[in-house]
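Participant: Quick one: the structure is below, and I'll ask about it shortly.
There are 2 protein chains.
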Amino acid sequence: MNAYLQLEERFRTIATLEDAAGMLHWDAATMMPPGSAEDRHDQLAVLTTIRHDMLSSSETGELLAAALDTDALNDWQQANLREMERRYKHATAVETSLVTALTKASNICETRWRRARADNDFGVLKPLLADVLSLSRDAAQSKAERLGCTPYEALMDQFTPGLHTDMVDALFDRLGRELPDLLSEILEHQASQPEAVAPAGPFPLDQQRALGARLMTVVGFDFETGRLDESLHPFSGGTPDDLRITTRYEADDFMTGLMGVLHETGHALYEKNLPSDWRRQPVGAARGMDIHESQSLLIEMQACRSLEFLSFASPLMEEVFERVGPEWAPDNLYRVYTKVRPGLIRVDADEVTYPLHVILRYRLEKALLADDLPLDDLPSAWNDGMAELLNQTPPDDRDGCLQDIHWFDGAFGYFPSYTFGAVIAAQLFGAATTADPVILPEIQAGNFKPLFAWLGKQIHGKGSLLETPDLIRAATGEELNADVFLGHLRKRYLAQS
Amino acid sequence: MNAYLQLEERFRTIATLEDAAGMLHWDAATMMPPGSAEDRHDQLAVLTTIRHDMLSSSETGELLAAALDTDALNDWQQANLREMERRYKHATAVETSLVTALTKASNICETRWRRARADNDFGVLKPLLADVLSLSRDAAQSKAERLGCTPYEALMDQFTPGLHTDMVDALFDRLGRELPDLLSEILEHQASQPEAVAPAGPFPLDQQRALGARLMTVVGFDFETGRLDESLHPFSGGTPDDLRITTRYEADDFMTGLMGVLHETGHALYEKNLPSDWRRQPVGAARGMDIHESQSLLIEMQACRSLEFLSFASPLMEEVFERVGPEWAPDNLYRVYTKVRPGLIRVDADEVTYPLHVILRYRLEKALLADDLPLDDLPSAWNDGMAELLNQTPPDDRDGCLQDIHWFDGAFGYFPSYTFGAVIAAQLFGAATTADPVILPEIQAGNFKPLFAWLGKQIHGKGSLLETPDLIRAATGEELNADVFLGHLRKRYLAQS
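These protein sequences, in sequence, are chains A and B.
Start counting the first sequence at 1; every next residue gets the next number (the numbering used here).
Start counting the second sequence at 1001; every next residue gets the next number (the numbering used here).
Have a look at this one:
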């Protein structure tokens, strides 16, 4: 067997172990009894060690060198090899002792953060976050040398391969410049419109569940190879052949939970439609967290918050909840689902203000990593940024710089993926509906097949064949840029009547 | 690190992978969507291969040799080494090609069996079962040479280490001789007693679930580290720190399902109370399927079918189901739970007739393996045995030789564990209640602590320190034998009034 085929076998085993670990993660979040966390931790640690050892072994390095030198490979195989090498470099760039130290520091800091956030106590976290930051800097430096990029790019490359700092700077400069004024315009416009009236609860959980499952099926989710369950933090997990979506229900508000379900359905259907010929190979995996987020936001924000989809869903909602009234009219539901309200909390933000939360975090984490912002100054820098970008003043750190888990868990370089996801979602949905004008009318008829036909061909079926910028260019004919996203916001939020 | 400690580390990893696989099995039986079986199969196959490679590697063999030669070990460590060696021998005794062929033949035969049983078609299975049998014979021969025992003992050693053919022959000869007459006596006696009146359903499933969970807690199950769910075939799975019990509810009969729950609780609490200092080491594992079954049967048959326990449970049942009436009286419930009814199906059998079903299978599988019984003659040999032992005539093979999965799945040598479990359960319960006379009165008060204190000290806490016959002798002061079991049957079924 030649070197390339041996690599395929090795990465297939690694991916299958990842699949197994994914199921155990899902179980831990949904089914596992409260007292069994340590037991599960041990199982996942063993699976991680075995995977890491297989990936980083000298044999893998030798096979990669041999495959690059000798084998005649087609495009998919070459791309597979490129992605194998990327993973090998990430796994071997950092000394094991540093990886261990960073994992440990992140675990300690994240665990402490859960209480410190509730206690509004940034002070107690400072020395722990300083450790995480210092070790993250060292790891980023090692990866940067290995990958031939800047340290911040090396961190981003773990989550969103193909994104470079100049792209992020350009996109975020523009959004940071234009969005605050656009936001003022939108708020003024919405103030002149009829009030959005949220249907009043309570909404029994089994009815919410039934509605969610029904609309998931409409979008294309197949319960023959997937489930919908509940967890504290909603996520989409499992494997392409065994999709596990979770959500959280609130008795008084079905609308937020429902969009959460549809968001996770977008993630899940991307996984499901990845190229099955390359299942469990790096080239067959999702392209990155930016593209993943684009698929969830495309379904949630572009497709399912449209007046077209809400026109389809409105009678189903009335039927499931056995209610009628003007608040169930598509126009009103659309007003509720597109209400813009600047706030302190990123995860509660609407699509207009969300990028501003991300831009703040991007600026701050780059400064922290470059040692340009002392940790002592982080709370005030956060609050200054909130005032500048969102005209908001956090009353305390709990709803300020303590609100997100990412930094305390060592996930620097992750935040850009959210806004790149939103921007890419707008570009893709725009290209799709232009290429096939029946997509939106069919969504209004409860048929997502034309949309998924386009997505399957342009995005899902390509897995990791192309780097993100090339994938977007091939799908849309344009560079990745903010025009369509900003145009979408203007159209949706200023043309409203 | 010395050889012994390296072995501990290696076996800890293997056991942790087994734990992970156990959770994935549980998920497959309870939660997994119907279309995801192939995906799960791939995950479990990779975990099995990695475990097998670690266990059977030449390094393991070298470490075992070095540890046996050089290290000064205490009793637990010596026993651990003995169990490590047993596993190593089983893993390496049979050529990989034969293991693969046997696994494949068993999978094919078992899959085909599911339909053939429904179709009452033994003929179609004959060539497939012939393959399984022939490959099983070869594997048994290889293991026998390696372990220094007879081929049938080598098969039993996979499930019930420490049992030898002469012990099984002696016990089964005696039960085969005495039980048929005892059965006649019991049937005559019960005919003279008041009729047992089963409470009439329907019993809502959530009430059945609530009753099961409540009585599990009474027995000692802790839902902080365990769950109760539903599956087609009830089982006890998971890990000692994350116990997963399943059951099946029938709307018209809560009594069968409830005893199933208590049976699995016995299995689960054995796992939970294994020596935590030796968690994930071979010496810390359950002693064998005979001892495992003894723990489930001790809880189900000895403790929970007693008049004492039913006196405690009766008012709880009335409360949960919101019913009253003479059929809920402890005396009547006891009569229902100790009703003897010879029948065709092993899994439905009461404790008096169950051993006769097992003895038949033991005789036949020994003859099949020794090539003394042609497969063509199996159905008639089965029916002859049923007539002799149970005075029953199967109307067809579906309820005859096709009823159990074991042979078609290649699990020859497993059946004796059921009846050894029943016999050991009686011996242990007899010894426990003699050593501590408060055990039964406390069970009547809903307190299982005295029983579990004795079991913990004599059985659970010893893991696999002793071989089964030594374990029984140490706990009861007697050899493993059928006296107590037969005495229990006479007392329970002939003294009934």
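The C-beta atom is built at its ideal place from N, Cα and C for all residues, glycine as well.
Keep in mind the model is a prediction, meaning the values are calculated, not measured.
How about the region 318-336 of chain A and the region 450-458 of chain A: do they share at least three Cβ pairs that are nearer than 8 Å?
Facilitator: Result no; under three Cβ-Cβ pairs closer than 8 Å.
Participant: Is A86/A helix, strand or coil when you go by DSSP?
Facilitator: For the purposes of this step, residue 86/A is identified with residue 86 of the first sequence, where counting begins at 1. Note that residue 86/A is Arg in the sequence shown here, rather than Ala. Here R86/A sits in helix by DSSP.
Participant: Mind checking if R227/A is an interface residue toward chain B, Cβ cutoff 8 Å exclusive?
Facilitator: If you number the first sequence from 1, residue 227/A lands on position 227. By this cut-off, R227/A is an interface position.
Participant: Can you pull the DSSP bridge partners for D1229/B?
Facilitator: One-based indexing of the second sequence puts residue 1229/B at position 229. Partner(s): T1246/B.
Participant: Please state if the CB of T246/A and the CB of A21/A are separated by a distance shorter than 8 Å.
Facilitator: Along the first sequence, read from residue 1 onward, the residue named residue 21/A stands at position 21. Along the first sequence, read from residue 1 onward, the residue named residue 246/A stands at position 246. Contact flag unset, no.
Participant: Name the one or two DSSP bridge partners that S1036/B has.
Facilitator: Here the question's residue 1036/B lines up with position 36 in the second sequence. Its beta-bridge partners do not exist; DSSP assigns none.
Participant: Looking only at its chain, what residues have a beta carbon closer than 6 Å to the beta carbon of D350/A, apart from the 5 residues adjacent to it on each side?
Facilitator: As a position in the first sequence, residue 350/A is number 350, starting the count at 1. Same-chain partners within the cutoff: V340.
Participant: If you pair each beta-carbon of the region 1093-1108 of chain B with each one of the region 1024-1043 of chain B, do three or more pairs fall below 8 Å?
Facilitator: Touching, no.
Participant: I believe T160/A touches F420/A by the beta-carbon criterion, under 8 Å. Please report the beta-carbon distance rounded to the nearest angstrom.
Facilitator: Along the first sequence, one-based indexing puts residue 160/A at 160. Along the first sequence, one-based indexing puts residue 420/A at 420. Indeed they touch by this definition, with Cβ atoms about 7 Å apart.
Participant: Got a sec: is the Cβ-Cβ distance from P34/A to anything in chain B below 8 Å?
Facilitator: Taking the first residue of the first sequence as position 1, residue 34/A is located at position 34. Answer yes: the Cβ-Cβ gap between P34/A and chain B drops below 8 Å somewhere.
Participant: On a Cα-Cα basis, can you pick out the residue from A45/A, V320/A, R10/A, M301/A that is closest to L1017/B?
Facilitator: Mapped onto the second sequence, residue 1017/B falls at position 17. Comparing Cα positions, the closest option is A45/A.
Participant: Could you tell me which of T1096/B, L1310/B, R1287/B sits nearest to L1440/B, measuring between CA atoms?
Facilitator: As a working mapping, residue 1440/B is identified with position 440 in the second sequence. Checked all of T1096/B, L1310/B, R1287/B; the closest Cα to L1440/B is L1310/B.
Participant: Beta carbons nearer than 9 Å to chain B: which residues of the region 13-34 of chain A have them?
Facilitator: Those would be T13, T16, L17, D19, A20, A21, M23, L24, W26, D27, T30, M31, M32, P33, P34, in chain order.
Participant: Report all residues from its chain with a CB closer than 6 Å to the CB of S142/A; omit the five preceding and five following residues, and keep chain order.
Facilitator: The residue you call residue 142/A lines up with position 142 of the first sequence. Within the same chain, S142/A has close Cβ partners A93, V94.
Participant: Can you tell which of R1473/B, L1364/B, N1332/B, L1428/B has the C-alpha that lies nearest to the C-alpha of Q1193/B?
Facilitator: By one-based count along the second sequence, residue 1193/B stands at place 193. If we check each option's Cα against that of Q1193/B, N1332/B comes out closest.
Participant: With H, G and I counted as helix, E and B as strand and the rest as coil, what does DSSP make of T1150/B?
Facilitator: By 1-based counting over the second sequence, the position of residue 1150/B is 150. The answer is coil: DSSP assigns T1150/B none of H, G, I, E or B.
Participant: Taking only the alpha-carbon atoms, compute the straight-line gap between A432/A and E250/A and give it to the nearest angstrom.
Facilitator: Taking the first sequence and counting its residues from 1, one reaches residue 432/A at position 432. Taking the first sequence and counting its residues from 1, one reaches residue 250/A at position 250. Using only the alpha carbons, I get a separation of about 34 Å.
Participant: Name the residue from S231/A, R177/A, M301/A, R87/A whose alpha carbon lies nearest to the alpha carbon of L428/A.
Facilitator: Here residue 428/A refers to the residue found at position 428 of the first sequence. Of S231/A, R177/A, M301/A, R87/A, the residue nearest in Cα terms is M301/A.
Participant: Enumerate, from N- to C-terminal direction, the unbroken beta strand (DSSP E) stretches of 3 or more residues contained entirely within the region 149-232 of chain A.
Facilitator: Whole beta strand (DSSP E) segments, 3+ residues: 226-230.
Participant: Which residue or residues does DSSP assign as beta-bridge partners of D253/A?
Facilitator: One-based indexing of the first sequence puts residue 253/A at position 253. E250/A, per the DSSP bridge assignment.
Participant: For chain A, find out if any of its Cβ atoms is closer than 8 Å to the Cβ of S1221/B; answer yes or no.
Facilitator: For the purposes of this step, residue 1221/B is identified with residue 221 of the second sequence, where counting begins at 1. In the sequence as presented, Ser is not what sits at residue 1221/B; that position holds Phe. Not one chain A Cβ lies under 8 Å of F1221/B.
Participant: Between D39/A and chain B, is any beta-carbon pair separated by less than 8 Å?
Facilitator: Residue numbering aside, residue 39/A sits at position 39 when the first sequence is read from its first letter. True, the Cβ-Cβ gap to chain B drops below 8 Å.
Participant: Note down, in chain order, all residues in the region 40-59 of chain A with a beta-carbon under 9 Å from any beta-carbon belonging to chain B.
Facilitator: Within the region 40-59 of chain A, the residues whose Cβ lies closer than 9 Å to some Cβ of chain B are R40, D42, Q43, L44, A45, V46, L47, T49, I50, listed in chain order.
Participant: Closer than 7 Å between beta carbons: that is the criterion. Which residues of the region 1237-1261 of chain B meet it against chain A?
Facilitator: Answer set for the region 1237-1261 of chain B: T1239, D1241, D1242.
Participant: Please list, in chain order, the residues of the region 320-338 of chain A that have any C-beta partner in chain B closer than 8 Å.
Facilitator: Flagged: no residues at all.
Participant: Is the Cβ of E1351/B closer than 8 Å to any Cβ of chain A?
Facilitator: As a first step, residue 1351/B must be located in the second sequence, where it is residue number 351. Judged by the 8 Å Cβ criterion, E1351/B is not in contact with chain A.
Participant: Pull the bridge partners of T239/A from the DSSP assignment, please.
Facilitator: In the first sequence, the residue the question calls residue 239/A occupies position 239. Per DSSP, D242/A.
Participant: For the candidate residues Y354/A, W26/A, L81/A, A130/A, whose alpha-carbon lies nearest to that of S464/A?
Facilitator: Position 464 of the first sequence, counted from the start, is the residue given in the question as residue 464/A. The residue with the shortest Cα to Cα distance from S464/A is L81/A.
Participant: Which residues in chain B sit within 7 Å of E271/A, going by Cβ to Cβ distance?
Facilitator: Here the question's residue 271/A lines up with position 271 in the first sequence. Correct list: empty, because the minimum Cβ distance to chain B is about 12 Å.
Participant: Cβ closer than 7 Å: which chain A residues qualify as neighbours of E1224/B?
Facilitator: The residue given as residue 1224/B occupies position 224 in the second sequence. Within 7 Å Cβ-Cβ: P33, P34, G35.
Participant: Kindly indicate the opening and closing residues of the alpha helix (DSSP H) around E59/A.
Facilitator: Taking the first residue of the first sequence as 1, we reach residue 59/A at position 59. Where E59/A is concerned, the enclosing alpha helix (DSSP H) stretches over 58-70.
Participant: Determine the contact status of Q1208/B and G1257/B, defining contact as a CB-CB distance below 8 Å.
Facilitator: Here residue 1208/B refers to the residue found at position 208 when the second sequence is read from its first residue. Here residue 1257/B refers to the residue found at position 257 when the second sequence is read from its first residue. Cβ distance < 8 Å, so Q1208/B and G1257/B count as in contact.
Participant: Could you tell me the alpha carbon to alpha carbon distance between R1117/B and Y1414/B, rounded to whole angstroms?
Facilitator: Within the second sequence, residue 1117/B is the residue found at index 117, counting from 1. Within the second sequence, residue 1414/B is the residue found at index 414, counting from 1. In a straight line, the C-alpha of R1117/B is about 20 Å away from that of Y1414/B.
Participant: Starting from C1109/B, trace the alpha helix (DSSP H) both ways and give me its first and last residue.
Facilitator: Residue mapping note: residue 1109/B aligns to position 109 of the second sequence, counting from 1. First-last of the alpha helix (DSSP H) with C1109/B: 1096-1119.
Participant: For my contact list, T353/A and L390/A are in at a C-beta cut-off of 8 Å; report their separation, rounded to the angstrom.
Facilitator: Residue mapping note: residue 353/A aligns to position 353 of the first sequence, counting from 1. Residue mapping note: residue 390/A aligns to position 390 of the first sequence, counting from 1. With 8 Å as the limit, T353/A and L390/A qualify as a contact, their Cβ atoms being about 6 Å apart.
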